[in-house]
Amino acid sequence: MANMNKYNQQIIDIYKNIKKIANKFPGRLIDVLDCFNQNQFDCKTWLIDCLNQYPYHFKMKTKDSIDIAILGGWYGLMAKIVSDHFSIKPIRHIYSYDYDPYAGQVGRILFPSIEFVEKNVEDLSIADKSFSIVINTSCEHMEQNLLFDTIQKSPEHTLFVLQSNDYVEVSQHINCVESLDSFVKQYDHLLNNIRSFEKDMGKYKRFMIMGTKK
Ligand SMILES: C[S@@+](CC[C@H](N)C(=O)[O-])C[C@H]1O[C@@H](n2cnc3c(N)ncnc32)[C@H](O)[C@@H]1O
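Per our numbering, the sequence shown starts with residue 43, numbered consecutively.
This is how it looks when you write it as structure tokens:
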């Protein structure tokens with residue numbers, strides 16, 4: 043008989059967690075399921091693949107293990123993928139910041155190994171932290187001044203990985219960009235060694251840039 047135990051257990055665990063979320067946070071169920079759709083996985087897998095190939099990690103940094111921040115981290119899928127697949131250096135801490143109190147409450151059910159922090163990015167004292175990498179795949183949800191501010195306050199050489207899109211039809215998208223070129227231009231006064239990427243998602247385009255704080 044085929045050894046299906048591990049596979050079966052994974053499926054059982056997923057359904058157990060979905061049931062737990064449905065019982066404790068019924069109003070969040072659809073949003074949680076949306077967080078695991080194909081596009082969400084594709085964009086996050088794309089990010090980790092490109093990040094593992096980015097050639098300017100940690101110039102001037104000699105740490106053995108690093109801290110990583112995910113801003114607007116939702117239920118923690120990005121943090122989990124980075125924590126499992128980042129291949130350049132060991133990770134000491136990975137924090138998923140979100141101001142939505144349910145993000146951490148739900149996220150801890152799904153990904154108990156991730157450190158969820160309930161915080162508005164506006165109130166994050168990033169200068170006092172030791173993040174080597176800051177990832178924000180929620181740029182389209184945040185004011186541009188906040189995005190600039192976060193970079194400006196960060197220490198030199200911090201690696202920023204940003205994703206946005208041109209999907210203006212979604213009302214929560216308050217800060218879309220019209221093209222990859224304009225996304226790069228927004229940040230070239232703040233970041234060095236910029237690498238830029240574009241992904242056609244059908245209804246919209248997803249943009250990504252990586253660069254080190256000047
Ligand atoms: C819909 S989700 C994430 C969608 C995104 N495209 C992704 O790839 O994960 C956007 C998240 O950003 C969070 N968010 C928006 N503004 C924020 C802020 N100022 N501080 C912390 N979290 C914020 C929201 O609470 C939400 O969980």
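No residue lacks a Cβ here, since even glycine has one placed at the ideal position from N, Cα and C.
Three-way DSSP call (helix, strand, coil) for residue i in this model
| i | result |
| --- | --- |
| Thr254 | strand |
| Ile130 | coil |
| His258 | Nothing about residue 258 can be read from this structure; the chain reaches only from 43 to 256. |
| Ser221 | coil |
| Ile216 | coil |
| Glu160 | strand |
| Phe249 | strand |
| Leu201 | strand |
| Leu188 | helix |
| Val148 | helix |
| Tyr141 | coil |
| Lys171 | coil |
| Asn45 | coil |
| Val176 | strand |
| Asp208 | coil |
| Asp55 | helix |
| Leu71 | helix |
Buried versus exposed call for residue i [16 or more other C-beta atoms within 10 Å across all chains shown]
| i | result |
| --- | --- |
| Arg248 | buried |
| Ser180 | buried |
| Tyr137 | buried |
| Ser196 | buried |
| Gln95 | exposed |
| Thr200 | buried |
| Tyr87 | It should be pointed out that residue 87 corresponds to Thr in this sequence rather than to Tyr. Burial call: exposed. |
| Ala145 | buried |
| Phe173 | buried |
| Leu75 | exposed |
| Gln41 | Absent from the model: residue 41. The displayed extent of the chain is 43 to 256, so no value can be given. |
| Asn178 | buried |
| Ser167 | exposed |
| Asn207 | buried |
| Met46 | exposed |
| Ser129 | exposed |
Check whether residue i and residue j have beta carbons under 7 Å apart
| i | j | result |
| --- | --- | --- |
| Gly118 | Tyr139 | no |
| Ala121 | Ile108 | no |
| Pro143 | Glu160 | yes |
| Glu198 | Lys131 | no |
| His183 | Gln228 | no |
| Gly253 | Leu233 | yes |
| Cys92 | Phe239 | yes |
| Ile90 | Ile123 | yes |
| Ile63 | Val163 | no |
| Phe202 | Ile216 | no |
| Asn59 | Met243 | no |
Any non-hydrogen atom of ligand 2 closer than 6 Å to residue i Cβ
| i | result |
| --- | --- |
| Val163 | Ligand 2 is not part of this structure, which contains only ligand 1. |
C-beta neighbour in chain B for residue i, strict 7 Å
| i | result |
| --- | --- |
| Ile151 | Any reference to chain B falls outside this structure, which holds one protein chain only. |
Along the chain, which unbroken stretches of the beta strand (DSSP E) at least 3 residues long are found entirely within the stretch 73 to 125? 108 to 113
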